[in-house]
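Residue numbers (this note's numbering): 768 to 1101. Accompanying notes for the structure given below.
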Amino acid sequence: MALSNIRLEVMNTVEKSVQGFIDKYLIPVEEIWQPTDLLPNLQQEEGFEQVHQIREEAKELGYDFWVVLVADMVTEEALPTYESWLMDMEGVEQHGKSRGEQNSWAKWVRHWTGEENRHGDTLNKYLYLSGRVNMKEIEKTTQHLINDGFDIGTGRDPYRNFVYTSFQELATNISHKRVGQLAKKKGNKMLAKMCNIIAGDEMRHYMAYREFVKTIFEHDPSEMMLAFQDMMKKKIVMPAQFIRESGQGIAEAFENFSNAAQRLGVYTTHDYIDILKKLNAYWEIDKMRELSDDAEKARDYLMALPDRMTRIAERIAVPQDSHKFKWVEANGMV
768 MALSNIRLEV MNTVEKSVQG FIDKYLIPVE EIWQPTDLLP NLQQEEGFEQ
818 VHQIREEAKE LGYDFWVVLV ADMVTEEALP TYESWLMDME GVEQHGKSRG
868 EQNSWAKWVR HWTGEENRHG DTLNKYLYLS GRVNMKEIEK TTQHLINDGF
918 DIGTGRDPYR NFVYTSFQEL ATNISHKRVG QLAKKKGNKM LAKMCNIIAG
968 DEMRHYMAYR EFVKTIFEHD PSEMMLAFQD MMKKKIVMPA QFIRESGQGI
1018 AEAFENFSNA AQRLGVYTTH DYIDILKKLN AYWEIDKMRE LSDDAEKARD
1068 YLMALPDRMT RIAERIAVPQ DSHKFKWVEA NGMV
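Below, the structure written as structure tokens:
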């Protein structure tokens, strides 16, 4: 049987459990929070007082903070790219075999997208109301990021895609949570609450995607192990890897954004290593037996990788000079 057919067979098998994952890890529309639950209600007079509060509290937040919050928001707003990528995976069919029927994988992607869509919407409105950033430049960056797409090195392979989403959902959980903690320290309770609630969504999504991989390991352990190794050898790139400002070439803003995140301690190389350790432990790759020779070597590589990366990380210095972004510098902030 061809390799692609094996993957398709596994995806079809796991699909039978996907509705259960939807019920466990996603929340119905009528029950989940919406952006207006966290933002000022401008249909009421007190809403304008809350806008004034946002603008006053925003003055306490530093330059790197705004850079990171903008890039986090733009990353969330590029959902059209992520949804189209996941919809193209092997085993995901946008249409069922009969009219009105949905492939469960496609249903998961749509419902996941629906939940994620609220994150960018919330942060976008907050940034607009804060008056501390250049929204037109941010909007250009968002459109560029959607136009440029992204290549995360997975192709149409669901095994690699689910390794990526497992990793990235936990990374975004960490980033949003840390931004919320920094906002809270500066007395910005409204933004802190937004970020913490968004981080909670990301944690649920992480728990689901890691479960997908765990289930695939049960059906096709050797190929799943090789896919995991391949993704870690390539390195898990951030969804915003191609981010740019107006007038820049593709990806030119990413390194400066990443440096700002590391200076703030929002998301660091050590967080990357810790996520790998968590995935190794949850998937219990050290306990897996009956693997192919290549898969055994892949397992050994993955088990040794955190220590190797830690040694490398200790030798890397993060630049301390802030790049002047068009997103923020128009406000004269330093």
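All C-beta atoms, glycine included, are put in the ideal place defined by N, C-alpha and C.
Item	Value
Determine the direct distance from the alpha carbon of D1060 to that of E844, and round the result to whole angstroms.	42 Å
What's the call for M1070, buried or exposed, on a 16-neighbour Cβ count within 10 Å?	exposed
Return the CA-CA distance between R1082 and T1035, expressed in angstroms with no decimal places.	14 Å
Which class does P1086 belong to by DSSP, given the choice of helix, strand or coil?	coil
Please name the residue in D918, R971, V859 and F979 whose C-alpha comes closest to that of A1017.	The sequence given here places Ile at residue 1017; Ala does not occur at that position. Checking every option, the nearest Cα to that of I1017 belongs to D918.
Please tell me whether L775 and E857 are closer than 7 Å, where the distance is taken between their beta carbons.	yes
Please name the residue in R923, A938 and Q786 whose C-alpha comes closest to that of I1042.	A938
Any idea what DSSP makes of H1111, helix, strand or coil?	The structure shown does not extend to residue 1111, since the chain is modelled only from 768 through 1101, so no value can be given for it.
Do you know how far the Cα of D924 is from the Cα of D997?	12 Å
Cα-Cα, which of V930, N963, I1079 and K903 is closest to I1003?	V930
Cα separation between G922 and A994?	11 Å
What residue range does the alpha helix (DSSP H) around P847 cover?	L846 to M854
Tell me whether W1050 sits in a helix, a strand or coil according to DSSP, three-state version.	coil
Determine the DSSP secondary structure at A838, reduced to helix, strand or coil.	helix
Mapping DSSP to helix, strand and coil, what is T1055?	The residue asked about is misnamed: residue 1055 is Met in this sequence, not Thr. Coil.
Starting from R945, follow the alpha helix (DSSP H) in both directions and report where the run begins and ends.	P925 to K952
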